[in-house]
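The sequence shown runs 118 to 398 under the working numbering.
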Amino acid sequence: MDLLQILILAIVQGAAELLPVSSSAHVIVAEKLMGLDPTAPQMTLLLVMLHTGTMFAVIVYFWKSWRAAYFSSAIALRANALYVITATALTAVVGLLLLFAIKRLVAGSSPDFEIEHLFGNARLMAGALAAAGLLIIVSSRFPEQRDDYLSLGRAAWVGAVQGLCLPFRGFSRSGATISTGLILGVDRRRAEEFSFALAVVLTPPVIAKEAYRLYKAIGGSAAVDSAGLFHSAGPSLLGMVLSFLAGLVALKWLSRWLEQGHWHFFGVYCLLASVVVLWIG
Numbered sequence: 118m119d120l121l122q123i124l125i126l127a128i129v130q131g132a133a134e135l136l137p138v139s140s141s142a143h144v145i146v147a148e149k150l151m152g153l154d155p156t157a158p159q160m161t162l163l164l165v166m167l168h169t170g171t172m173f174a175v176i177v178y179f180w181k182s183w184r185a186a187y188f189s190s191a192i193a194l195r196a197n198a199l200y201v202i203t204a205t206a207l208t209a210v211v212g213l214l215l216l217f218a219i220k221r222l223v224a225g226s227s228p229d230f231e232i233e234h235l236f237g238n239a240r241l242m243a244g245a246l247a248a249a250g251l252l253i254i255v256s257s258r259f260p261e262q263r264d265d266y267l268s269l270g271r272a273a274w275v276g277a278v279q280g281l282c283l284p285f286r287g288f289s290r291s292g293a294t295i296s297t298g299l300i301l302g303v304d305r306r307r308a309e310e311f312s313f314a315l316a317v318v319l320t321p322p323v324i325a326k327e328a329y330r331l332y333k334a335i336g337g338s339a340a341v342d343s344a345g346l347f348h349s350a351g352p353s354l355l356g357m358v359l360s361f362l363a364g365l366v367a368l369k370w371l372s373r374w375l376e377q378g379h380w381h382f383f384g385v386y387c388l389l390a391s392v393v394v395l396w397i398g
């Protein structure tokens with residue numbers, strides 16, 4: 118990869134991961150257009166760093182509002198911690214059950230099958246993008262709530278829907294979780310804060326998984342150029358910084374459109390993007 122390719126991927130990943138438009142679908146399309154192999158160890162290392170950059174962007178952007186809402190008192194901390202833990206547990210249950218079901222249906226429980234084998238399927242990505250777009254548009258039609266009420270049941274529903282996003286590249290995590298909160302009657306700002314609180318909990322396991330894939334590629338393949346991988350560490354760090362900056366811009370954009378009633382535009386974009394993915398694929 119040259120620096121221009123890293124710049125493009127960092128901006129695409131940093132912006133699309135936090136906007137409700139599916140970063141995975143956009144990154145995969147960008148990689149295909151640039152002729153890059155998404156399974157290469159250098160690409161895996163870059164992906165780890167880009168995820169790290171966007172995670173720090175979320176923490177920096179929401180820290181002040183989280184501190185006011187989640188850490189204002191011991192009661193608030195316990196209640197919100199329970200919401201996050203419950204939602205994350207439901208995400209794990211739903212996501213793992215879906216992964217197991219897909220593995221049974223597609224590969225007959227083959228031990229060599231990985232869900233990543235389906236990531237490049239244009240029809241699946243296009244269908245997931247269209248589904249996310251429709252969910253966003255539907256949620257935008259619900260009247261705005263004037264309170265920030267979030268119950269345990271609502272948190273559980275948000276977490277369960279987040280679990281549906283795990284196996285399907287194109288089904289935006291932020292789009293699905295914020296939309297679910299809006300449909301359930303959660304205030305827009307509260308739905309956004311809770312969605313990205315879940316993202317901070319979910320991102321470290323994703324980073325660990327990608328890091329493990331990189332470790333297996335290095336240890337299990339004599340063809341891996343360790344020197345080339347070492348030299349790609351510097352550009353990957355640059356990519357992390359760029360994805361951090363792109364993530365901050367994307368979060369400001371998302372918050373502004375959500376609060377100004379422009380949430381449905383993201384849904385329209387997802388529908389258009391699904392057509393583009395089908396065409397390119």
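Heads up, the beta-carbon is just placed ideally off N, CA and C, and yes, glycines get one too.
Three-state secondary structure (DSSP) at residue i?
i: LEU215; result: helix
i: SER256; result: helix
i: SER268; result: coil
i: ALA339; result: Summary for ALA339: the model assigns pLDDT 47, below 50, so the residue's position carries little reliability, and this model does not support an answer.
i: GLU261; result: coil
i: GLN400; result: Because the chain is modelled from 118 through 398, residue 400 falls outside the range shown and cannot be assessed.
i: GLY280; result: helix
i: PHE361; result: helix
i: SER289; result: coil
i: GLY131; result: helix
i: PRO137; result: coil
Give me the Cα-Cα distance between residue i and residue j, rounded to the nearest whole angstrom.
i: ALA248; j: ARG290; result: 12 Å
i: ILE253; j: ILE123; result: 30 Å
i: ALA390; j: GLY351; result: 32 Å
i: ALA367; j: SER190; result: 30 Å
i: ARG307; j: THR320; result: 20 Å
i: LEU375; j: ARG305; result: 7 Å
i: THR401; j: LEU354; result: Past the boundaries of the shown model lies residue 401; the chain is included only from 118 to 398, so the question cannot be answered.
i: ALA411; j: LEU388; result: Because the chain here runs from 118 to 398, residue 411 falls outside it and cannot be looked at.
i: ALA245; j: LEU371; result: 20 Å
i: LEU207; j: LEU362; result: 31 Å
i: THR205; j: ILE295; result: 15 Å
i: ALA328; j: SER360; result: 18 Å
i: ARG373; j: ALA185; result: 20 Å
i: ARG221; j: MET166; result: 32 Å
Between the options, which lies nearest to residue i when the distance is taken from Cα to Cα?
i: VAL323; options: LEU283, ALA308 and PHE288; result: LEU283
i: LEU126; options: LYS220, MET357 and GLY302; result: MET357
i: GLY384; options: ARG306, LEU150, ALA193 and ARG258; result: ARG258
i: VAL144; options: VAL129, PRO137 and ASP154; result: VAL129
i: ARG195; options: ALA209, SER268 and LEU150; result: SER268
i: GLY298; options: TRP274, LYS369 and VAL210; result: TRP274
i: LEU121; options: GLY212, ALA133, VAL211 and GLU148; result: GLU148
i: GLY287; options: ALA133, ALA142 and ALA193; result: ALA142
i: HIS168; options: ALA316, TRP396 and HIS381; result: ALA316
i: VAL278; options: ALA185, THR203 and ALA133; result: THR203
i: GLU310; options: ASN197, GLY131 and LEU164; result: ASN197
i: VAL403; options: VAL138, LEU281, VAL255 and THR171; result: Within the shown structure, residues of the chain are numbered from 118 to 398, placing residue 403 beyond reach of any answer.
Taking 7 Å as the cut-off, is the CB of residue i close to at least one heavy atom of the ligand COA?
i: GLY298; result: Among the ligands in the structure shown, none appear at all, so the ligand COA cannot be discussed.
According to the neighbour-count rule (16 or more other Cβ atoms, all chains shown, within 10 Å of its Cβ), is residue i buried or exposed?
i: VAL303; result: buried
i: GLU261; result: exposed
i: ARG60; result: This structure does not reach residue 60, given that the chain is present from 118 up to 398, and the question cannot be answered.
i: LEU135; result: buried
i: LEU214; result: exposed
i: MET151; result: exposed
i: GLY378; result: exposed
i: VAL210; result: exposed
i: TRP180; result: exposed
i: TYR178; result: buried
4-residue-minimum alpha helix (DSSP H) runs that sit fully inside the region 140–205, ordered along the chain:
Within the region 140–205, the runs of alpha helix (DSSP H) at least 4 residues long that lie entirely inside it are, in chain order, 140–150 and 158–187.
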